[in-house]
Amino acid sequence: MAQTVAHKGNHAADHDHGHHDPNDLKVVGFWFFLISDVILFSVLFSTFIVLRNNTAGGPDGKELFELPGVIWETFILLTSSFTSGLATLAMNRGKKSQLIGWLVVTAILGAAFVGLEVNEFVKMVNEGAGFSRSAFLSSFFTLVGTHGLHVSVGLCWMIGLMIQLGRRGITETTKGKVTLISLYWHFLDVIWIFLLTIVYLMGVM
Amino acid sequence: MDKKPRSLRTLITVVVTLVTLGVLIWGMFFTADYLVLNPKGPVGQSEKELIIITTLLCCVVIVPVLILTAVIVWRYRDKPNRKAAYSPNWHDSKVLETVWWGVPIIIIIALAVVTARYTYALEPSKPIDAEQKPVTVQVVSLDWKWLFLYPDENIATVNTLTIPEGVPVRFEITADAPMNSFWIPQLGGQIYAMSGMSMTLYLKADEVGTYFGTGANFSGEHFAQMRFDVNAVSQADYDSWVQKVKGNTGSTITEASYADLAKPGVMGETEYSSFPEGLYSKIAYKYVVDGENADSEDSTDGTKQEGMGSSLPGFSSGQVTSGLSASQPVQ
Amino acid sequence: MLDSIKDFASWFFVTGDPLIYGADVSIVLATIAIFAVLTYFKKWGWLWRNWLTTVDHKKIGIMYILAALLMLFRGGVDAIMMRTQIALPGIKFLEPEHYNQVFTTHGTIMILFMAMPLMFGLFNIIIPLQIGARDVAYPFLNSVSFWLFFVGAMLFNLSFVIGGSPDAGWTSYPPLSELMHNPGVGENFYIWGIQISGIGSLATGINFIVTLIKMRAPGMTLMKMPMFSWSVFATCIIIILAFPILTVTLALLFLDRFAGGHFFTLDMGGNPMMYINLFWMWGHPEVYIVVLPAFGIYSEVVATFSRKSIFGYKSMVFAMLVISIVSFFTWLHHFFTMGSGADINAFFAITTMIIAIPTGVKIFNWLFTMYRGRIRFELPMMWTIAFIPCFVVGGMTGVMLAVAPADFQFHNSYFLIAHFHQVLIGGVVFGYFAGLYYWWPKMFGFKLNHKLGVWAFWFWNIGFYVCFMPQYSLGLMGMTRRISEYTWDTGWAPLNFISTIGALMMGIGFLFQVAQILYSTFKHKKVGNDPWDGRTLEWTTASPAPEYNFAITPHVHAVDDWWATKERRAKGIADDPLPPIEPIHMPKNSIIPPIMGLAWFVAGFGFVFDWWWFYIPGMLGVAICMIARSFSYDTDYYIPVDEVKRTEEAIRGSV
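Residue numbers (our numbering), protein chains in the order written: chain A, 1 to 205; chain B, 1001 to 1331; chain C, 2001 to 2655.
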């Protein structure tokens, strides 16, 4: 209340010179980006759901998916989400080396996830279940691949961020960047849960 | 209604506009060129009624708005010594706002009721009530010609369609080319012709005559050539036409000649005395993979078309008229 | 060796049509001329520093508008070429193949490369000024968005002379747009032109919604925002929710063509109908994306030139938000004839009609803003008044089309063509023209010549009705869209001929506008801050506004705050004392956006031709630009108080 009064009555006390908190701005914008990304994934999910039975005589999910690998991927990704949370905690306590350390762990887990996924893809292609085999497979590779691509982009981003943190330490700017990437990372986690359920679990059922 | 002068210029504009409109409306109802407004069959007739009803309903709002616009713009134009009131801060009225949220809502409710009723009544795949058994014509949209197969008579034509007058016609429509749309304006509305799908459309001609038929959805280079005449003839003439076509055994469609026919190109009107049995379903289901369809009777695959949650076209191939659910009679 | 080069060239360059050679020559000549002028007047540095690398929203806005007008010209020429071909039966002006390309590029350009950038241009120039901000939320991203739009548009236009234009309609339905029926590179140009600029559009949507949420001047609550700002808010919601759908749809179509996917193919389980659904899930909201800002402009113009507050502010806001939401539930009305069954058709028919309700309310509110006002017939107001009857009739035919069973007769006919041109020209184009005339003084410091503007106005308006009213009739006569020829026996010839005359009149109207801009540029009177006696914040700062927009951030107390201030002043109440000027925080120009645009262009071009030695370096370039941006920390600066004071004095001195 006091602030509003100051705003209206006493301009001298008002230090607004068009200088909005940049981190705050970025977080809001990033949420809107995530909303649009949700739409992007929803469209991919719906194409997958429409096409998942159109196997054109080729293999279906039941024949192709190997749950143990997928469970491992899930476990790894969820853990990485946890470690990225730990990184944020370390940042809030101002501990630079801890922060970088947890980011490294997160990145390694992320890389392991991508590795497992690529491995799965290669296996499928070798079994003759490639991208062009059927509409089902086209939509499968696109949906899961888009998620994988998101994770890979996140990895590059994270590496860049680690370098910046190493050079500049924890500043307002780098703090903002860490906040964004951890948002992004959690978001990819949520998407993966949907992927796991809709693509894999419902696929083998 | 703008710049300096004046009433005279405005008057001329108004008069010219009204005359033009009058001529257009007159033209619509009194010249035969307005095919949609001169229907020759029950479906087209109902659609015309619907068009008139909805136009009138819309006019209930539109005409007063247009008059109001003219009056307000004229009355409140800025000029010296104007007598009309000026109240710069009047910007809110609960009563007025209620009126103009209310009136459109009422009109739209009325329109919605009319639309819903007609939508069910005019569902293209709904048979037309009639004593006679419908004639079946199978329609295939090709690049860039129309192939009509008469399964009961085992004859075929290209770019010309002959039907008996007074008898419902059941069109089964597919494509062996990019999507098109099958439209005979004077008999009734159009429906898409799509590869891998078989659509059903019932139409009936009430009068003997030649009607304009056309492809309505762009399908490539010579799309403009996809026109055909629809000859509605008496039952007797129809029978003798069938015999005539059957008798002319010089030209037939075979598997091989169909392949030629389906190649992109333009051609004139042609009649064929026979075609291979099952040609239509072969075309319509050509993209169904054997493995997929064969076990559809007993395995989970059989329910896949229904079980997709949504029944929007494109999100489920198992809709009412589509082909992949294999409910069509196979000739 | 020579032969293989020849073969390549005849495949790579579009050949065989004198029109194309004419275009080739004029493109080369225009490029040489531009280079020569820039070099002779030593303007390269100026161009690079002041324009190409700028992050100033006003300059970016002007670049958008310039590009949009250029595209309006190209799209208009396409339109006139089409109308010439079908003016009468038997005209051999365009071959069918060429005709198909022309209507495809006409539609794509007008919606995506004309309406969208014109809209973004107005967003850019006005929104920060109207809400009292120094810039948009993300000035750098804003510049990136512009460059993505621009290279997307250029890539698309390149198809006219290289590789061949797309020819499957602006909707590009498969299977016609699939490799099976369309093996050339034209469709790839379509995909990548739209894809690249579409990413830019999405970013712009995010940028402006954050700007509106976070950057408003103190005191400007949401319900005190000007109507144009509200309309942009509603539009941005639609952009954020709709554009990802387009991105995915085009990506999937491209995967089909490029990597052997089976999303929309006929064989191997693909589903072409899914494309049609997805396309219109974006496509229908897209219509509201372009029309809502026009509604916002009309609201501003009507209030200003009636010298009256907008009637029913809350209703107007509510109506726009309803439109932005309901617009997502109507897409199926674009294909009632697909045989979805009566349930679905009835549902989408009714949702479509529901949109007419808030739209109708807006019309009433505009009318009652004029009621008891003092209407001045300046150019912006003339376009606004012309819009109302035009849009009302267009809206009515829209409701008629929404009646599903009636649509079986209207669909794909010229009735439909007439309808959507009436709402898109009468609604969108008239609106943007009104906006351009209205804010032109704010952009450049002078008004556009009234007399030439009136000529343009009447040519456009009369031309419009002469062109499109006959097309309603043609639709009822059974004439379908996208046909390149017809015969005398159809009886369509007279009305088509009239329609072509109308199209030419609109073309003349456009030429008058070009003349108007050129004339006014060289011969004009400078105007002050507030040439129209406006109501909102953009009229409180200089015309054109200094790079920091406001020396002192304004404090807002009312809707139409500037009008309220003027009323207070008239009553002799003194303004609040101004706080002292402080150093102003501004973003620095950046060379990354144009370079990133170039990288996208290279990548897009590579994807079009499937040349990995183009697209891999291109995509790498994009990645490097992003990394370079992430690593640059020196992105902003402060304008010292002295400099602000000097600038302000210079502005006051010059008027």
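All C-beta atoms, glycine included, are put in the ideal place defined by N, C-alpha and C.
From which residue to which residue does the beta strand (DSSP E) around residue i run?
i	result
arginine 1170 of chain B	1168 to 1175
arginine 1075 of chain B	Here arginine 1075 of chain B belongs to no beta strand (DSSP E); instead the alpha helix (DSSP H) covers 1042 to 1075.
glutamate 172 of chain A	From DSSP, glutamate 172 of chain A is part of no beta strand (DSSP E) but of the alpha helix (DSSP H) over 172 to 195.
methionine 2082 of chain C	Counting along the chain, methionine 2082 of chain C falls outside any beta strand (DSSP E), though it belongs to the alpha helix (DSSP H) covering 2057 to 2085.
alanine 1156 of chain B	1155 to 1158
tyrosine 2638 of chain C	2636 to 2639
alanine 1193 of chain B	1188 to 1193
tryptophan 1343 of chain B	The question about residue 1343 of chain B has no answer here: the residues shown for chain B are numbered 1001 through 1331.
How would you list, in chain order, the residues of chain B whose beta-carbon sits under 9 Å from the beta-carbon of residue i?
i	result
isoleucine 2425 of chain C	In chain order: nothing, as chain B lies at least about 18 Å away.
phenylalanine 2408 of chain C	Val1043, Glu1047, Leu1122, Pro1124, Trp1183, Gly1188, Gly1189, Gln1190, Ile1191
Hey, quick one: how far does the alpha helix (DSSP H) through residue i stretch, first residue to last?
i	result
leucine 2537 of chain C	Element bounds for leucine 2537 of chain C: n/a, residue is neither H nor E.
aspartate 1237 of chain B	1235 to 1247
valine 2185 of chain C	Counting along the chain, valine 2185 of chain C falls outside any alpha helix (DSSP H), and DSSP gives it neither H nor E.
lysine 2442 of chain C	2430 to 2444
glutamate 1255 of chain B	1255 to 1262
glycine 31 of chain A	Reading off the sequence shown, one finds tryptophan at residue 31 of chain A, where the question assumed glycine. Counting along the chain, the alpha helix (DSSP H) containing tryptophan 31 of chain A begins and ends at 22 to 51.
tryptophan 1183 of chain B	Note, tryptophan 1183 of chain B: premise wrong, no alpha helix (DSSP H); beta strand (DSSP E) at 1180 to 1184.
Leaving out five residues on either side along the sequence, give the residues of the same chain with a beta carbon under 7 Å from the beta carbon of residue i.
i	result
glutamine 2130 of chain C	Pro2226, Phe2228, Ser2229, Thr2536, Leu2537, Glu2538
glycine 2534 of chain C	Thr2304, Trp2562
proline 2594 of chain C	Leu2052, Thr2053, Trp2147
leucine 2141 of chain C	Ala2203, Asn2207
Which residues in chain B sit within 7 Å of residue i, going by Cβ to Cβ distance?
i	result
alanine 2404 of chain C	Thr1115, Thr1119
phenylalanine 2364 of chain C	Trp1100
serine 2315 of chain C	Glu1097
Whose Cβ in chain A lies nearer than 7 Å to the Cβ of residue i?
i	result
serine 2630 of chain C	Gly160
Along chain C, which residues have their Cβ under 7 Å away from the Cβ of residue i?
i	result
leucine 1037 of chain B	Leu2476
valine 1060 of chain B	Simply none; closest approach about 11 Å.
threonine 47 of chain A	Leu2252, Phe2263, Met2274
glutamate 1221 of chain B	Pro2096, Glu2097, Asn2100
threonine 179 of chain A	Those within 7 Å of threonine 179 of chain A in chain C number zero; the least Cβ separation is about 15 Å.
Please report how far the alpha carbon of residue i lies from the alpha carbon of residue j, in whole angstroms.
i	j	result
glycine 169 of chain A	threonine 2541 of chain C	41 Å
leucine 1035 of chain B	glycine 2198 of chain C	41 Å
leucine 2019 of chain C	asparagine 2100 of chain C	15 Å
leucine 1287 of chain B	aspartate 60 of chain A	This sequence places tyrosine at residue 1287 of chain B; leucine is not what is there. Approximately 18 Å, taken between the alpha carbons.
proline 2293 of chain C	leucine 2255 of chain C	34 Å
phenylalanine 2113 of chain C	phenylalanine 2149 of chain C	8 Å
serine 2520 of chain C	alanine 2153 of chain C	28 Å
leucine 2379 of chain C	phenylalanine 2609 of chain C	46 Å
methionine 1179 of chain B	serine 80 of chain A	48 Å
valine 1113 of chain B	aspartate 21 of chain A	53 Å
serine 2324 of chain C	proline 2285 of chain C	8 Å
glutamate 1057 of chain B	phenylalanine 2295 of chain C	Correcting the residue type first, residue 1057 of chain B is leucine in the shown sequence and not glutamate. Using only the alpha carbons, I get a separation of about 25 Å.
threonine 2359 of chain C	aspartate 2078 of chain C	31 Å
threonine 88 of chain A	histidine 150 of chain A	20 Å
alanine 2356 of chain C	alanine 2036 of chain C	53 Å
alanine 1130 of chain B	glycine 1209 of chain B	20 Å
threonine 2015 of chain C	tyrosine 2021 of chain C	7 Å
By the criterion of Cβ-Cβ separation under 8 Å, what are the contact partners of residue i in chain C?
i	result
alanine 1112 of chain B	Ala2349, Ile2350, Met2353
glycine 148 of chain A	Result: empty, since nearest Cβ-Cβ is about 15 Å, beyond 8 Å.
Leaving out the 5 sequence neighbours to the left and right, which residues in its chain are closer than 6 Å to residue i when beta-carbon positions are compared?
i	result
leucine 2179 of chain C	Arg2257
Chain A partners of residue i, CB-CB under 8 Å?
i	result
threonine 2536 of chain C	Under the 8 Å cutoff, chain A gives no residues; its nearest Cβ is about 18 Å from threonine 2536 of chain C.
At a CB-CB cut-off below 9 Å, which residues of chain C make contact with residue i?
i	result
threonine 106 of chain A	The contacting residues do not exist; threonine 106 of chain A stays about 18 Å from chain C at best.
Sequence ranges, alpha helix (DSSP H) only - wholly within the segment 2480 to 2543 of chain C, length at least 4: 2493 to 2522
Unbroken stretches of the beta strand (DSSP E), 3 residues or longer, contained in the segment 2568 to 2612 of chain C: 2584 to 2587
Start-end ranges of the alpha helix (DSSP H) lying completely within the segment 79 to 140 of chain A, minimum 4 residues: 96 to 126
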